[in-house]
Structure formats: C-alpha cells, structure tokens
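Peer 1:
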Amino acid sequence: MNDTKGLYYSDYLELDKILNSQHPKSSMKTDELLFIIIHQTYELWFKQVIHEVDAVREIFASKKVNDNAGEMSLALHKLKRVVKIFEVLIQQISILETMTSMDFLEFRNLLQPSSGFQSLQFRIIEAKLGLKMEHRYKAEYYKNIRPGGFNAGDYESITNVEKEATLKELIVKWAERTPFFDESLWAEYQNLYTLEKDEQKFWSDYKQIYANSLSKAEQNQLEALDKVFYKEGSGDFSKNAMRAVLFIMMYRNLPIFHLPFDLLTTLIDIDELFSQWRYKHMLMTRRMIGMRVGTGGTSGAGYLEGALRQHYIFKELNEVTTFLIERSKLPDLPNAVKEKMSFNSK
Ligand code: HEM
Numbered sequence: 052m053n054d055t056k057g058l059y060y061s062d063y064l065e066l067d068k069i070l071n072s073q074h075p076k077s078s079m080k081t082d083e084l085l086f087i088i089i090h091q092t093y094e095l096w097f098k099q100v101i102h103e104v105d106a107v108r109e110i111f112a113s114k115k116v117n118d119n120a121g122e123m124s125l126a127l128h129k130l131k132r133v134v135k136i137f138e139v140l141i142q143q144i145s146i147l148e149t150m151t152s153m154d155f156l157e158f159r160n161l162l163q164p165s166s167g168f169q170s171l172q173f174r175i176i177e178a179k180l181g182l183k184m185e186h187r188y189k190a191e192y193y194k195n196i197r198p199g200g201f202n203a204g205d206y207e208s209i210t211n212v213e214k215e216a217t218l219k220e221l222i223v224k225w226a227e228r229t230p231f232f233d234e235s236l237w238a239e240y241q242n243l244y245t246l247e248k249d250e251q252k253f254w255s256d257y258k259q260i261y262a263n264s265l266s267k268a269e270q271n272q273l274e275a276l277d278k279v280f281y282k283e284g285s286g287d288f289s290k291n292a293m294r295a296v297l298f299i300m301m302y303r304n305l306p307i308f309h310l311p312f313d314l315l316t317t318l319i320d321i322d323e324l325f326s327q328w329r330y331k332h333m334l335m336t337r338r339m340i341g342m343r344v345g346t347g348g349t350s351g352a353g354y355l356e357g358a359l360r361q362h363y364i365f366k367e368l369n370e371v372t373t374f375l376i377e378r379s380k381l382p383d384l385p386n387a388v389k390e391k392m393s394f395n396s397k
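Residue numbers for the sequence shown follow this note's numbering, beginning at 52 and rising by one.
1) Whole beta strand (DSSP E) runs in the region 99-133 with 3 or more residues, listed along the chain?
2) When burial is assigned at 16 or more other CB atoms within 10 Å of the CB, is L218 buried or exposed?
3) Are the CB atoms of L381 and M301 nearer to each other than 7 Å?
4) Spatial neighbours of L359 within its chain, please: C-beta separation below 8 Å, excluding the five flanking residues on both sides.
5) What residue does the alpha helix (DSSP H) around T81 start on, and which one ends it?
6) Just the C-alpha distance for L66 and V100, rounded to the nearest angstrom, thanks.
7) Tell me, please, which residues DSSP counts as bridged to S72.
8) Please classify L122: is it buried, with 16 or more other beta-carbons within 10 angstroms of its beta-carbon, or exposed?
9) Considering Cα atoms alone, identify which of E138, L162, A387 is closest to G345.
10) Can you give me the Cβ contacts of S113 inside the same chain, cut-off strictly under 8 Å, excluding the 5 residues immediately before and after it?
11) Mind checking which residues open and close the alpha helix (DSSP H) that includes V296?
12) So what does S285 bridge to, in DSSP terms?
13) Return the CA-CA distance between F365 and K290, expressed in angstroms with no decimal places.
14) With distance defined between alpha-carbon atoms, name the residue in S266, V296, K267 nearest to F280.
15) Taking 8 Å as the cut-off, does the region 205-216 touch the region 175-187 (at least 3 CB pairs, one atom from each stretch)?
16) Shortest alpha-carbon distance to P306 belongs to which of G347, L147, V388, V371?
17) Looking at C-alpha atoms only, which residue of N202, Q241, E247 is the closest neighbour of F168?
18) Cβ of E367 within 7 Å of Cβ of G286?
19) If L375 and L127 are in contact, beta carbons under 8 Å, what's the gap, nearest whole angstrom?
20) Which value, in whole angstroms, describes the spacing of the CA atoms of K68 and K135?
21) Check F394 in the structure and name its three-state DSSP category.
22) Is it a yes or a no for the region 333-342 touching the region 137-156, going by three-plus beta-carbon pairs under 8 Å?
23) Considering only C-alpha positions, which residue in the set K224, Y93, P164, L70 is nearest to F111?
24) Pick from S61, D105, R228: whose alpha carbon is nearest that of N117?
25) Skipping 5 residues on each side, what residues in its chain have a beta carbon closer than 7 Å to that of E138?
26) Could you tell me the alpha carbon to alpha carbon distance between N71 and I319, rounded to whole angstroms?
27) State yes or no: is the C-beta of T372 within less than 7 Å of the C-beta of K131?
28) Pick helix, strand or coil for M150, following the three-state DSSP scheme.
29) Consult DSSP for S255 and reduce its assignment to one of helix, strand or coil.
The following block contains the structure:
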C-alpha cells in the first residue's frame, strides 16, 4: 500500500479511467481490443495536435510575430512536433493491419453505424488548419441527416470552430504584413528591364525574368503568373500574400528568411503527412473491407479517395513552385531590404 503523501504514478495519469475504458461489443476472443486501443491512441494524439495548433494560432493571431523575441521559433517548434506526431500516426496504421479482414468481420457489424468518420477531434484539426465545410468532399455527409453522420452537438462544434480564425487565414495575414515591398526599401534597386507603369520595381522585373525562363510549351504559364501575383491571388491567398511566399521561397538562403522558409515548408510537410495518412488509411480500408460500404454509411474506399483528392489545406503553397526561376537569375536585393528588414515590423 502506498502511504506516502507524494503523487502516485497511476493517480497522476488517471490510469483507472483510461485502462477501464475498453469495452468490446464482441467476445474478447476477437481483435476488437486492438481496434479500440488503436482508435483511442489516435484520439489522444489528436488532442495533442489540437493543443499545438491552438498555441500556433495564438502566436499568429498577434499583429506582430517577432522573430527576435523567439515567437516564430516557438511556433515552428510546435508545428514540427505536429509533424512528428503525424509520422507516428501514419506508422500506427501498420499495427492495425496485423488484423486480417476476416478477423475484422467478426465484430464489424456490431459497430454500425459508427465510424472514424465521426471523429470530432479529427474534424476539428482539419477545421483549425483551414478546411471549410463547403470545401469538403460530400459536405452533405457531415449533416446530421443520416445514420453515421454527426450528432447535433458535434456538428455544431465543428461549425463553431470554423468561425474562429484558421491557421491558414492567420498565415495569409502574416504573409500580407511582410514589409518586403515598401517602396522606401527599394530606392537603390536598379531595374534590369523597363519599369512597368504603376508596378513595384521588383515585380516589374520578375515578370520578364520568369517569361525568359519558360520553354515554348510553357508560355501559357505567364497568364497564370499574372493572375496569381499581379491580379487576383490564388485560392485563399491574396496577391500580396502570394508575393511574400514566392519571395521567401526564392531568397530562402538569406539568414533573415531561414525561419519563414522553414515555416512554409513545415506547413507543406503537415499537409503532405495528412494526405499520407489519408492514403494509407484508404489502402488499409480497401484491404480490410474491399468495396463494401463503410460502417459509417459512406461509399467506403470511394469516399476516402475523394477526401484524399480534395482535402489539401495549404495547396497554394505548393503552387508557388510553378513560378520559381533559376537561382542564378535572382536579382540582387538592395541593402535596405537585406539589412533593415525585420519580420512584420509594421
Ligand atoms: C479496420 C480498420 C478501419 C477501417 C476498415 C476503416 C474504414 C473507414 C471507412 C470505410 C471510412 C469512411 C466512412 C464510413 O463510411 O465508414 C472511414 C473514415 C475514417 N476513418 Fe477509418 N477505418 C479503420 C480504422 C480507422 C482508424 C484506426 C482510425 C483512427 C482514428 C480511423 C479514422 C477515420 C477517419 C478520421 C475517417 C474520416 C476520413 C476522412 O473523412 O478523410 N479509421 N474509415
């Protein structure tokens, strides 16, 4: 018996609750315990991901994300933790794959109409990163109108989260605040090509440099460049946000751009790992239930394929690569830009 006054391991972790929360619907001879434990493990990691994403959103919600004060590194550190968690989440699928489809069939019918589709935390992660209901594949599946959909409370929770600023929206605002193109910083810049009327000096040159980098077959990309960086922007990213992202990606080797570049690539990593999870889960589903419909009542593997195709969050960041140029063709930056710029100092 423990009669010391100090904290006790199992009390601190509340193991009595956690370890008594596995209640298979079938007899204990099936693999249902594994099925329950793996889902519970996912949900615990989802909780941690939400915690990290909230902390990052809080940092970016501030008007000034100061590199020097370490906020940017803190945000990055948290996002890199999310990356590591996702790597584990992907890996974990292979534990479940040790269950054969016939073993699954032993208890599968007892689970209907519930399904991982109803994981509120999974939907909250998607929503906090920036996936909106209207952009979801088969958005009607989410409404509480069919068995396997969300209950009214969970549906409301998802729609409430959607009303908060998403990480994506905050990143767009952060990118828009970057002061790279303040005219005062470009006074000493000498244009390489004729300066276009009403155009910022750098962007006036960029169009020409990019045009020169295109092969004959790629000429139609010029129109896309014009649309994305000179007129409308792309998706949720305004023209100015896209300009900032391209600029950071091009001048990534300059010390002042190291953290911002790392931030952008980490967001792309998270998107990529999320899709890898979707892909691996879809393959496992195919292997496990073939072309049967899901317990949650969707078309099963067909639905998962649609979600995989459509649920990218930071797709605009990947798009920027289309508009990069050869490193050797990058214009030299004026000293004022190189030396005086500190992030989001406006
Ligand atoms: C035997 C293993 C599994 C099978 C056969 C399976 C099958 C499915 C199917 C068919 C769907 C589509 C919805 C439906 O109609 O049911 C789905 C969705 C989903 N499942 Fe699983 N699943 C398995 C394990 C897991 C595990 C371990 C997790 C971890 C949390 C999970 C999380 C999800 C999530 C989050 C969705 C929604 C995905 C999206 O909308 O992109 N599933 N699953």
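Every residue gets a Cβ at the ideal spot worked out from N, C-alpha and C, and that includes glycine.
Computed from a predicted structure; not experimentally measured.
Peer 2: By the coordinates alone:
1) none
2) buried
3) yes
4) S326, R329, Y330, M333
5) T81 -> no alpha helix (DSSP H), and no H or E assigned at all.
6) 21 Å
7) DSSP output for S72 lists no bridge partner at all.
8) The amino acid at residue 122 is misidentified as Leu; the sequence shows Glu. Looking at its Cβ environment, which holds 16 or more other Cβ atoms inside 10 Å, E122 is buried.
9) L162
10) E122
11) 290-301
12) F288
13) 15 Å
14) V296
15) yes
16) V388
17) N202
18) yes
19) So it is not a contact: roughly 22 Å between Cβ atoms.
20) 27 Å
21) For F394, the pLDDT reaches just 49, beneath the cut-off of 50, and the residue's location in the model is therefore unreliable, leaving the point undetermined.
22) yes
23) K224
24) R228
25) L324
26) 39 Å
27) no
28) coil
29) helix
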